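K.L.:
The structure follows.
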């Protein structure tokens, strides 16, 4: 179990990301059931996911649970992007009044007394950060949210937010193929006593079970700065490391989760599965020993750390 920043939220190191779970599909409900069975009780959604339908769906699922089981679930949601149901697109809206109403609307859709962790779903250096913090603190005082954080890949935005408010968590993409947070975001998170909630561990499936097929379908330039052939070779090397560190199946997906969980700033890594099979493979990382330091170092020696193209 790991604590999220300075909050009272203590959760397993793996959580469930709901961005890809379509509320209309039966398999999505089976994934939620599998998560509960596994004890993976941090569920991450957003008002933007399926334009409010994801939150409403989570609310219906929570309502069906027994009270004791419902109390186990830690609900994380995000807001700040203005959208109109039924219309494509959205607009980042860093207005405290809008975010206050968005958070209250999320509470209604989720059917909860308070949101355990509410994240700003974006941000720029032009945002009125002090006014946003004041608004978030107001939501804490009124009982709409319990804690707040930020979802962003922009180091300058993250570091400024952590300096100005009681942000307990930062959500960002991180994994063997995307180690950019190690440059600036991780140091800021550590310094401020916050935690990292990780998404995108498998780099859109490139490190999943069908990674070789996905990689082979890429153009020659590959992805994440790696040529296609280099990615295929890296995948094979990661399979070998997985086997050498206690995974007889050599699952690169499980290795990727073990890699990010070796970073002490990480409180939770989100599983972004669409099927029970995908979920179970990733969740199997909990059944394996922590990745030893020498294996972490080896993975780092095989991969690269780039800077974010956008600093602000």
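Numbering (full-length UniProt numbering), first residue to last: 1 to 312.
All C-beta atoms in this analysis are idealised placements derived from N, C-alpha and C, irrespective of residue type, glycine included.
The structure displayed is predicted, hence computed values, not measured ones.
Going by C-alpha to C-alpha distance, which of 90, 253, 180, 196 sits closest to residue 210?
P.N.:
Closest option to residue 210, Cα to Cα, is 253.
K.L.:
Starting from residue 195, trace the beta strand (DSSP E) both ways and give me its first and last residue.
P.N.:
Its beta strand (DSSP E) spans residues 195-199.
K.L.:
Provide the residue(s) that pair with residue 171 in DSSP beta bridges, ordered along the chain.
P.N.:
Note: residue 171 sits in a beta bridge opposite 151, 197.
K.L.:
When DSSP labels each residue in this structure, what does residue 40 get in the three-state scheme?
P.N.:
Note: residue 40 maps to coil in three-state DSSP.
K.L.:
Is residue 47 helix, strand or coil when you go by DSSP?
P.N.:
It is coil, neither helix nor strand.
K.L.:
The alpha helix (DSSP H) spanning residue 138 covers which residue range?
P.N.:
From DSSP, the alpha helix (DSSP H) with residue 138 extends over 129-141.
K.L.:
Residue 63 lies in the alpha helix (DSSP H); which residues open and close that run?
P.N.:
Segment 53-64, the alpha helix (DSSP H) holding residue 63.
K.L.:
Please classify residue 305 as buried or exposed, where buried requires at least 16 neighbouring CB atoms within 10 angstroms.
P.N.:
By the neighbour-count rule (16 or more Cβ atoms within 10 Å), residue 305 is not buried but exposed.
K.L.:
Assuming residue 9 and residue 116 make a contact with CB atoms under 8 Å, what is their CB distance in whole Å?
P.N.:
Confirmed, Cβ separation roughly 6 Å.
K.L.:
By how many angstroms is the C-alpha of residue 302 removed from the C-alpha of residue 290?
P.N.:
So the alpha carbons of these two residues sit roughly 19 Å apart.
K.L.:
Please work out which residues of its chain come closer than 7 Å, Cβ to Cβ, to residue 173, disregarding the five sequence neighbours upstream and downstream, and give them in chain order.
P.N.:
Closer than 7 Å at Cβ, skipping near neighbours: 153, 199, 200.
K.L.:
What residue does the beta strand (DSSP E) around residue 111 start on, and which one ends it?
P.N.:
Counting along the chain, residue 111 falls outside any beta strand (DSSP E), and DSSP gives it neither H nor E.
K.L.:
Under the rule that 16 or more other beta-carbon atoms within 10 Å means buried, what is residue 78, buried or exposed?
P.N.:
Answer is buried; the Cβ neighbour count reaches 16.
K.L.:
Should residue 247 be labelled buried (16 or more other beta-carbon atoms within 10 Å of its own) or exposed?
P.N.:
Burial call: buried.
K.L.:
List the endpoints of the continuous beta strand (DSSP E) containing residue 15.
P.N.:
Here the beta strand (DSSP E) through residue 15 covers 14-17.
K.L.:
Is the distance from the Cβ of residue 256 to the Cβ of residue 205 below 8 Å?
P.N.:
Contact: no.
K.L.:
Would residue 65 be called buried (16 or more neighbouring beta carbons within 10 Å of its own) or exposed?
P.N.:
Exposed, because fewer than 16 other Cβ atoms sit within 10 Å of the Cβ of residue 65.
K.L.:
Are the CB atoms of residue 5 and residue 193 within a distance shorter than 8 Å?
P.N.:
Yes. Within cutoff.
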